[in-house]
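First to last, the sequence lines map onto chains A and B.
So the first sequence is numbered by the working numbering: it starts at 1 and just counts up by one.
So the second sequence is numbered by the working numbering: it starts at 269 and just counts up by one.
Backbone N, C-alpha and C fix where the C-beta goes; we use that ideal spot for every residue, glycine too.
For clarity, every value in this text was computed on a predicted model and none was experimentally measured.
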Amino acid sequence: MTTAPAQGLTWRLLGRRPADIPVAADGIHPPDALDGATGRGVRVCVVDSGVERDHPSVGRVDGSWVVVKDDEGIRVEETDTGDTCGHGTACAGIVRRVAPDCELYSVRVLGERFSGTGDVLLEGLRWAVRQRFDVINLSLSTTRTRFAEELRVVADEAYFNRTVVVASAHNTPVESFPWRFASVISVGSHEEEDPELHLYNPRPPVEFFAPGQNVEVAWLGGRTIRSTGNSYATPYITGLCARFLSLGPRMTPFQVKSALYASAANVR
Amino acid sequence: MSLGTQPASTSDDPMAHELLQSVVDVARAIFGAQASSVFLLDEEAGELVFRAVSGRGEEFLVGRRFPAGRGIAGWVAVSGEPIVVDDLADNPSFDRSLAQSTDYVPDALMAVPLVHGERVLGVLEVLDPAEQARSSLPELDLLSLFARQAATALRFTMARAGGADGGGPEPVAPHRRATALRLVRRLEHLLAEETPDR
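Laid out in structure tokens, this is it:
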């Protein structure tokens, strides 16, 4: 059942400015060499609607899979079917822009046939976690509470196996998963124009805000469009995670989250 | 009532038709848009069905179907997430099959799910909203709020249609309905008291 959030939760930064949410830092310092970090050697997986091949804003895709659901059950297969709507390509393009030298992979969980975001999403995420990708971008969530516990287990598995799961908060204030779990890095949009601005939210559960309004994104046919949503804030943070990990490949998810926190524009 | 039967039951019901037409008319007016459409999800067929249109396409679109797993409306139906996209007119790959079937390619599009509980009933689209109403988070929120209200009304209407054609539960007498609502609210309070804060 979809439930309204408790009063006072902040789902997006609307109507307030970065100066309105100052955060006192507790001695953690960000790596000072992030400018030279490109994500080289870091394996990033986009779990979404697929990624278009040879898109100029995405570049090389190092592997593509699809979650297939039929009478025989659910399984993951290699695929060359690209993107069914453009959304996954948009996310991959943002990751590539932020972390230009990372390795990009795709797991398609949408578009095979109508299946909702429950079991297919769960299977795609679980499979990606077990491939030990360094970072998984999940600009999707499910409102179906019966999948919450299994998603929580998968998110914890990722956390302890050093896979960083970056997950979008739902675009509307409803309860959904897995962004709601502390073991993932959850992201919502701010409405600032600075395309390089990320903020820490002092009133979680959404932990970070990033650019998500009127963003130029890659779309089908090698083109770009402008679009709005938490979907696009998430791959920005995914790209930052890849850059941190290219600096320190042995960083744990909580170290990556701490680095994001310490480098947020509102944390001083 | 299964989701797969919903488009048929609403298409047969004048009240559902009136409701959906009102939804698209109001959505179009709120955003100063060229057109607005409601698609309902036929889950068994895996298709989205035009059920009401305001503005361009009003005369010929109602009843047309297309695959629910593809395109922007398909993404909204499957993900349950709203989306705003702009700069589509110069993008030949944008939902080409759908655009050709509708004889109209918008430059901008807002699409939000019609959600009831955990289920997506369909998608509400607003085509070519006024410039000032595009591509911002508050507008996305406004349309989502409106869609939530529309979905609740739609679900209520569908339940009524199910009862009327024998496909659903018997209609509940007003006094028994009031009693049932009081019981549900008491149960909600009870559950809230029993549930620890997260």
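- Around the beta carbon of A:Ala158, a 10 Å sphere encloses 16 or more other beta carbons of the protein chains shown; the residue is thus reported as buried.
- According to the DSSP secondary-structure assignment, B:His384 is paired through a beta bridge with B:Arg387.
- Interface flag for B:Pro406 against chain A is set, since a Cβ pair is found closer than 8 Å.
- For B:Pro350, at least one C-beta of chain A is nearer than 8 Å to its own C-beta.
- For A:Glu149, no CB of chain B lies under 8 Å from its own CB, so it is not counted at the interface with that chain.
- Interface criterion met: the Cβ of A:Cys85 is under 8 Å from a Cβ in chain B.
- Counting along the chain, no alpha helix (DSSP H) covers B:Pro335; the unbroken beta strand (DSSP E) around it starts and ends at 333-335.
- A:Tyr105: member of the beta strand (DSSP E) spanning 103-108, first to last residue.
- Using a CB distance cut-off of 8 Å, B:Leu410 does not count as an interface residue toward chain A.
- Within the same chain, and ignoring the five residues on either side of A:His170 in sequence, the residues whose Cβ sits closer than 6 Å to its Cβ are Ser141, Ser176.
- By the Cβ rule, the segment 300-315 of chain B does not count as touching the segment 46-56 of chain A, because fewer than three pairs are nearer than 8 Å.
- For A:Val184, the secondary structure class from DSSP, reduced to helix, strand or coil, is coil.
- Two segments are said to touch when three or more pairs of C-beta atoms, one from each, lie closer than 8 Å; by this definition the segment 115-132 of chain A touches the segment 59-71 of chain A.
- The residue among A:Asn201, A:Ile237, A:Arg75, A:Ala242 with its C-alpha nearest the C-alpha of A:Leu121 is A:Arg75.
- Taking one beta carbon from each stretch, the segment 257-264 of chain A and the segment 370-383 of chain B have fewer than 3 pairs nearer than 8 Å; the two do not touch.
- For the 8 Å CB-CB criterion, A:Thr234 and A:Val187 form a contact.
- Of all alpha-carbon atoms in B:Gln417, B:Pro350, B:Leu405, the one lying nearest the alpha-carbon of A:Leu13 is that of B:Leu405.
- If you check the CB distance, A:Val107 and A:Val135 do not come in under 8 Å.
- By the beta-carbon neighbour count (other beta carbons within 10 angstroms, threshold 16), A:Gly93 is buried.
- Apart from sequence neighbours up to five positions away, the residues of its chain that approach A:Phe147 with a beta-carbon distance below 8 Å are Gly118, Asp119, Leu121, Leu122, Phe177, ordered along the chain.
- If one requires a minimum length of 4 residues, the alpha helix (DSSP H) runs lying completely within the segment 290-352 of chain B are 339-347, in chain order.
- Beta-bridge analysis with DSSP links A:Tyr200 to A:Phe208.
- The three-state reading of DSSP puts B:Leu405 in helix, counting H, G and I together.
- DSSP, read as helix, strand or coil, puts A:Thr84 in coil.
- A Cβ of chain B is located within less than 8 Å of the beta carbon of A:Leu14.
- Annotation: A:Thr81 has no Cβ neighbours in chain B at a cutoff of 9 Å; minimum Cβ distance is about 11 Å.
- What B:Gly339 touches in chain A, judged by beta-carbon distance under 7 Å, is Cys85, going in chain order.
- Identification of chain B residues near A:His55 by a Cβ-Cβ cut-off of 8 Å yields none; the smallest Cβ-Cβ distance measures about 11 Å.
- Note on geometry: alpha-carbon atoms of B:Arg428 and B:Ala418 lie some 15 Å from one another.
- Between B:Leu377 and B:Leu422, the C-beta spacing is not below 8 Å.
- Boundaries for A:Ala155: no beta strand (DSSP E) harbours it, while the alpha helix (DSSP H) harbouring it runs 148-160, taken from the DSSP string.
- Nearest to A:Ser231 by C-alpha distance, out of A:Gly73, A:His87, A:Val153, is A:His87.
- Taking the Cβ atoms as the reference, B:Thr425 lies roughly 7 Å from B:Asp281, within the contact range of under 8 Å.
- The bridge partners DSSP lists for A:Gly73 are A:Asp70.
- For the pair A:Val23 and B:Glu312, the Cα-to-Cα distance works out to about 50 Å.
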